[in-house]
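Peer 1:
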Amino acid sequence: MPSIHKTVYYSYTTGKLPKGCELCVQGKKLVLFITGDCFRKCFYCPLSEIRRTDKVFANEWDTGFTNKLEKKHLDIIIKEAKLCGAEGAGITGGDPLIQWQRTVKAIKALKKEFGKNFHIHLYTGFEHVEPKRLKALCNAGLDEIRFHPVLWNDTLWNRIDIARKFPWTIGVEIPSIPSYEKQTKKLLHFLDHKVDFVNMNELELSDTNASMLRKLKYEAKDKTSYAVKGSKALALRLMRDPHSYPIHFCTSKLKDKVQLTQRIRRRAKRIALPFDTITKDGLLIRGVAYLPDLEPGFSYRKRLQSLTPVEKNNVLKRLREKQAKLPLQSIIDHEKLRLLCDPQELFKKRKDVKRLRLLPAIVEEYPTRDGMEVDIRML
């Protein structure tokens, strides 16, 4: 029976972590969502509704892609990689092999910009595996390919042999589904001497899969977690069986407390303004002065997105006029159309700021492109 070790990342493994995982747990991987296209309808798919279409995201940054991956989209992908200090990328979807030419283009651009040591791994199913597509991915510089086979149908499992013809690292990544123990065990034995590693992920409830999972009698393991009851126990049980490859069980806690937090911290250090405070979780605390008609609230983001270019320019003009009169130093936020400043100075001079018909606030938010607010305290 193999020895199971608990890692410092709240996960469990029977061997060394794959290179893609090593970088991921350090927050050093750009998450490149290359398409939402996918012909499978897995009942546990956690993908949000906004990503179930043919879009391209670099971490949280919507590249504005429509139907062709152009230089402006690649520039955003590269910029985001630099902003989070990425040393590699994980390409996901959807199924990247559906849009394989786009995926190849992105891999080539990243390798050209960052060099051959920029580690790139990719997630895909077996449905669109064919020699031509895999050869193109390999030639572009893909370092690691991870397959996600369906557990309830073994028809396509043999396509793993096509991938073995190329000089890259091969893995399989699947969720640990409590009611699929027999099928999972069958797959794990099938993979002996065919792959370099297997990752099992703790099954999680999400906004989009919760209804179906609950209908199938799956439930959260406790009130503070989205992880499904029994998923961890199954993975640890299956890891006791001997295999030719190491198995890594990636917990829900790893994804939330380690992977995301580390990536957020790395980005925060690179984008924080001199007066921003970075919390231990990588969030930014900053002073903000809002225009009354763009006060933060339920429809704040919708109002920002609905502005025409002319309207946005008018708002920026008003912000510049207010900035010139502001009794403290500030920076115009061109994305969220507000003034950023030192929170302590803003608090001291909040009355003066209000006289300028601005709304002062202390804001705690993510350092990501979307800048999601966690707390807004109006002064």
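All residue numbers for the sequence shown refer to this note's numbering, where the first residue is 1345 and numbers rise by one.
Yeah, the Cβ is synthetic: ideal placement off N, Cα and C, and Gly gets one too.
1) Rounded to whole angstroms, how far is the Cβ of residue 1466 from the Cβ of residue 1440, which I believe are closer than 8 Å?
2) Can you list, in chain order, the residues of its chain whose CB lies under 6 Å from that of residue 1504, leaving out five sequence neighbours each side?
3) Cβ of residue 1399 less than 8 Å from any chain C Cβ?
4) Would you say the segment 1467-1480 touches the segment 1442-1453, given that touching needs at least three Cβ pairs under 8 Å?
5) Is it right to say residue 1660 is buried, meaning 16 or more other beta carbons lie within 10 angstroms of its own, or is it exposed?
6) For residue 1654, is the classification buried or exposed, using 16 other Cβ atoms within 10 angstroms of its Cβ as the cut-off for buried?
7) Would you call the segment 1681-1689 and the segment 1616-1632 in contact, with 3 or more CB pairs under 8 Å?
8) By Cβ distance below 6 Å, which residues in the same chain neighbour residue 1571 in space, the five residues on each side in sequence not counted?
9) Taking DSSP as the reference, what is the three-state secondary structure of residue 1504?
10) Scan the segment 1550-1610 and note each continuous beta strand (DSSP E) run of 3 residues or more that stays entirely inside, going in chain order.
11) State the CB to CB distance for the pair residue 1400 and residue 1422, rounded to an integer number of angstroms; the pair is presumed to be in contact (CB under 8 Å).
12) Report buried or exposed for residue 1461, applying the criterion of at least 16 other Cβ atoms within 10 angstroms of its Cβ.
13) Between which two residues does the alpha helix (DSSP H) carrying residue 1637 extend?
14) If I follow the unbroken beta strand (DSSP E) through residue 1374, where does it start and stop?
15) Less than 8 Å between the beta carbons of residue 1614 and residue 1427, yes or no?
16) By the DSSP assignment, the beta strand (DSSP E) with residue 1467 in it spans what residues?
17) Run through the DSSP bridge pairs and tell me what residue 1458 is partnered with.
18) For residue 1410, is the classification buried or exposed, using 16 other Cβ atoms within 10 angstroms of its Cβ as the cut-off for buried?
19) Cα separation between residue 1403 and residue 1418?
20) Could you spell out where the alpha helix (DSSP H) holding residue 1657 opens and where it closes?
21) If contacts are defined as beta-carbon pairs under 8 Å, then residue 1451 and residue 1468 qualify, I think. What distance do you get, rounded to the angstrom?
22) Out of curiosity, what's the CA-to-CA distance linking residue 1514 and residue 1542?
23) Which residues does DSSP pair with residue 1630 in a beta bridge?
24) Among 1585, 1561 and 1497, which residue has its Cα nearest to the Cα of residue 1533?
25) By Cβ distance below 8 Å, which residues in the same chain neighbour residue 1332 in space, the five residues on each side in sequence not counted?
26) Among 1647, 1362, 1396 and 1416, which one has its Cα closest to the Cα of residue 1381?
27) What number of angstroms, rounded off, separates the C-alpha of residue 1517 from the C-alpha of residue 1511?
28) By a C-beta neighbour count over all protein chains shown, 10 Å radius and 16 as the cutoff for buried, is residue 1583 buried or exposed?
29) Bridge partners for residue 1682 per DSSP, in chain order?
30) So if DSSP puts residue 1746 in a beta bridge, which residue, or which two residues, is it bridged to?
31) Which of the three DSSP states is assigned to residue 1356 in this structure?
32) Find the nearest neighbour of residue 1638 within the set 1651, 1414 and 1485, judged by alpha-carbon distance.
33) Identify which residue in 1713, 1420 and 1477 has its Cα closest to the Cα of residue 1448.
34) Which word fits residue 1360, buried or exposed, when buried means at least 16 other C-beta atoms lie within 10 angstroms of its C-beta?
Peer 2: Let me lay it out:
1) Your numbering for residue 1466 matches position 122 in the sequence shown. Your numbering for residue 1440 matches position 96 in the sequence shown. Sure, about 6 Å apart at Cβ, within 8 Å.
2) Counting from one through the sequence shown, the residue named residue 1504 turns up at place 160. The answer, listed in chain order, is 1538.
3) This model lacks chain C altogether; it includes just one protein chain.
4) yes
5) Counted from its first residue, the sequence shown places residue 1660 at position 316. The residue is exposed, with fewer than 16 neighbouring Cβ atoms inside 10 Å.
6) Residue numbering aside, residue 1654 sits at position 310 when the sequence shown is read from its first letter. It counts as exposed.
7) yes
8) Taking the first residue of the sequence shown as position 1, residue 1571 is located at position 227. Within its own chain, the residues whose Cβ lies closer than 6 Å to the Cβ of residue 1571, once the five positions on either side in sequence are excluded, are 1546, 1548, 1565 and 1596, listed in chain order.
9) For the purposes of this step, residue 1504 is taken as residue 160 along the sequence shown, with counting starting at 1. Correct three-state label for residue 1504: helix.
10) 1591-1594
11) On the sequence shown, residue 1400 is found 56 positions in, with the first residue counted as 1. On the sequence shown, residue 1422 is found 78 positions in, with the first residue counted as 1. No, residue 1400 and residue 1422 are not in contact; Cβ-Cβ is about 13 Å, not under 8 Å.
12) Translated into positions along the sequence shown, residue 1461 becomes position 117. Its Cβ having fewer than 16 others within 10 Å, residue 1461 is exposed.
13) By 1-based counting over the sequence shown, the position of residue 1637 is 293. No alpha helix (DSSP H) contains residue 1637, which DSSP labels as neither H nor E.
14) As a first step, residue 1374 is located in the sequence shown; it is residue number 30 there, counting from the start. 1373-1379 is the span of the beta strand (DSSP E), which, as asked, contains residue 1374.
15) Locating residue 1614 in the sequence shown gives position 270, where the first residue counts as 1. Locating residue 1427 in the sequence shown gives position 83, where the first residue counts as 1. Yes, these two residues count as a Cβ contact at 8 Å.
16) Within the sequence shown, numbered from 1, the residue matching residue 1467 stands at position 123. Its beta strand (DSSP E) spans residues 1463-1468.
17) Numbered from its first residue, the sequence shown carries residue 1458 at position 114. Partner(s): none; residue 1458 has no beta bridge.
18) Counting from one through the sequence shown, the residue named residue 1410 turns up at place 66. The residue is exposed, with fewer than 16 neighbouring Cβ atoms inside 10 Å.
19) Here the question's residue 1403 lines up with position 59 in the sequence shown. Here the question's residue 1418 lines up with position 74 in the sequence shown. Distance between the alpha carbons of residue 1403 and residue 1418 is about 13 Å.
20) Taking the sequence shown and counting its residues from 1, the one referred to as residue 1657 is at position 313. First-last of the alpha helix (DSSP H) with residue 1657: 1653-1669.
21) Taking the first residue of the sequence shown as 1, we reach residue 1451 at position 107. Taking the first residue of the sequence shown as 1, we reach residue 1468 at position 124. 13 Å between Cβ atoms; not a contact.
22) On the sequence shown, position 170 is the one that residue 1514 refers to. On the sequence shown, position 198 is the one that residue 1542 refers to. So the alpha carbons of these two residues sit roughly 9 Å apart.
23) Numbered from its first residue, the sequence shown carries residue 1630 at position 286. BP columns for residue 1630 point to 1707.
24) Here residue 1533 is taken as the residue at index 189 of the sequence shown, counted from 1. Cα-wise, what sits closest to residue 1533 is 1585.
25) Outside the displayed span of the chain (1345 to 1723) sits residue 1332, for which this structure offers no information.
26) The residue labelled residue 1381 in the question sits at position 37 within the sequence shown. Checking every option, the nearest Cα to that of residue 1381 belongs to 1396.
27) Reading the sequence shown from its first residue, position 173 is the one you call residue 1517. Reading the sequence shown from its first residue, position 167 is the one you call residue 1511. Taking the straight line joining both Cα atoms gives about 19 Å.
28) Walking along the sequence shown from the start, residue 1583 turns up at place 239. Burial call: buried.
29) Working through the sequence shown from its first residue, we reach residue 1682 at position 338. Paired residue(s): 1677.
30) The requested residue 1746 is not part of the displayed model; the chain covers only 1345 to 1723.
31) By one-based count along the sequence shown, residue 1356 stands at place 12. If DSSP states are grouped into helix, strand and coil, residue 1356 belongs with the strands.
32) Here residue 1638 refers to the residue found at position 294 when the sequence shown is read from its first residue. Taking only the C-alpha atoms, the option nearest residue 1638 is 1651.
33) Residue 1448 sits at position 104 when you count from the first residue of the sequence shown. For residue 1448, the nearest C-alpha among the options comes from 1477.
34) Looking up residue 1360 in the sequence shown gives position 16. Classification for residue 1360: exposed.
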